[in-house]
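Asks: The sequence shown begins at 2 in the numbering used here and counts up one residue at a time.
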Amino acid sequence: MSTGTSGGVRKPQPASRNVRISKELSYMLRHAPPPGSMDEQGFVSASVLMAHMKSKPTLQELQEVIESNDKKRFVLDESASSPRIRAAQGHSVQLQAPVLTPVTDASSVPCAVHATSKEGWEAIQASGSLLRMSRSHIHFATQPQLLRANSWASVMLRLKLQEALDAGHAFFLSSNGVLLCEGPLPVCFVEQLQQQQADQLWPGAG
């Protein structure tokens, strides 16, 4: 039976290529933008990204990856003369003017959960605080689909948001609904949950 390619090797499926493009785009926009290409909000010209990415995506492929991403990791701005793209959150590079919305009342964020590993939870307990590590912020999912899908992220920590706000800690929402805190955030402002409990925290979740 023919494989459809020479040498008996199948061509990669489109989904696999989209995943590769998404991972490369995420890394470049969050951690390693081309020198001098990123503006104060984290936007990089799509043409610059296409020229520097190893996967050599077309603009249409970038648009498809952005539109199909269930966690809405990327923001495409087509209002400028040249399309530009930014990561919604997760940066290790420091942005001068990140696009974030301040959160001042817990009623606007009914539930926020941080996922970590068993070892990560032990380290948090030992240090007494959640830390942003190499990123710009500590991340809390505000919707079930934003929780880490990694098998190692087995510990779910629910944030006591109003208590943390009352204590003076600042929180922000990214454009894709991730709650962010620069930290350090004392461990007294989170409570551990069983992994299977997480989806039950949001009305209508599966």
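Every residue gets a Cβ at the ideal spot worked out from N, C-alpha and C, and that includes glycine.
Below 7 Å between beta carbons: does that hold for Val45 and Pro58?
Replies: Numbered from its first residue, the sequence shown carries residue 45 at position 44. Numbered from its first residue, the sequence shown carries residue 58 at position 57. Cβ atoms of Val45 and Pro58: not closer than 7 Å.
Asks: Ignore the nearest five residues each way along the sequence and tell me which others in Asp78's own chain have a CB closer than 6 Å to its CB.
Replies: Reading the sequence shown from its first residue, position 77 is the one you call residue 78. Within the same chain, Asp78 has close Cβ partners Arg85.
Asks: Measuring alpha carbon to alpha carbon, tell me which of Lys24, Ala107, Gln201 and His92 ends up nearest Ala165.
Replies: Locating residue 165 in the sequence shown gives position 164, where the first residue counts as 1. Cα-wise, what sits closest to Ala165 is Ala107.
Asks: Identify, in the order they occur along the chain, each residue of the same chain with its Cβ nearer than 7 Å to the Cβ of Cys119, setting aside the five sequence neighbours on each side.
Replies: Your numbering for residue 119 matches position 118 in the sequence shown. The question names Cys, yet the displayed sequence has Lys at residue 119. Excluding sequence neighbours, Lys119 sits near Ser155 and Val156.
Asks: Give the range of the alpha helix (DSSP H) segment to which Glu65 is assigned.
Replies: Along the sequence shown, one-based indexing puts residue 65 at 64. In the DSSP assignment, Glu65 falls within the unbroken alpha helix (DSSP H) covering Leu60 to Ser69.
Asks: Please report the distance separating the alpha-carbon of Lys55 from that of Val49.
Replies: Along the sequence shown, one-based indexing puts residue 55 at 54. Along the sequence shown, one-based indexing puts residue 49 at 48. Near 12 Å, if we compare the C-alpha coordinates of Val49 and Lys55.
Asks: Go through its chain and collect everything with a Cβ distance to Phe190's Cβ below 7 Å, but skip five positions before and after it.
Replies: Stepping through the sequence shown from its first residue, residue 190 is reached at position 189. Correct list, in chain order: Leu160, Lys161, Glu164 and Ala165.
Asks: Let me make sure I understand the geometry here. Which of Glu41, Gly178, Gly43 and Gln64 has the alpha-carbon closest to that of Met51?
Replies: On the sequence shown, position 50 is the one that residue 51 refers to. Closest by alpha carbon: Gln64.
Asks: Let me know the secondary structure DSSP gives Glu123 once reduced to three states.
Replies: Translated into positions along the sequence shown, residue 123 becomes position 122. Reduced to three states, the DSSP call for Glu123 is helix.
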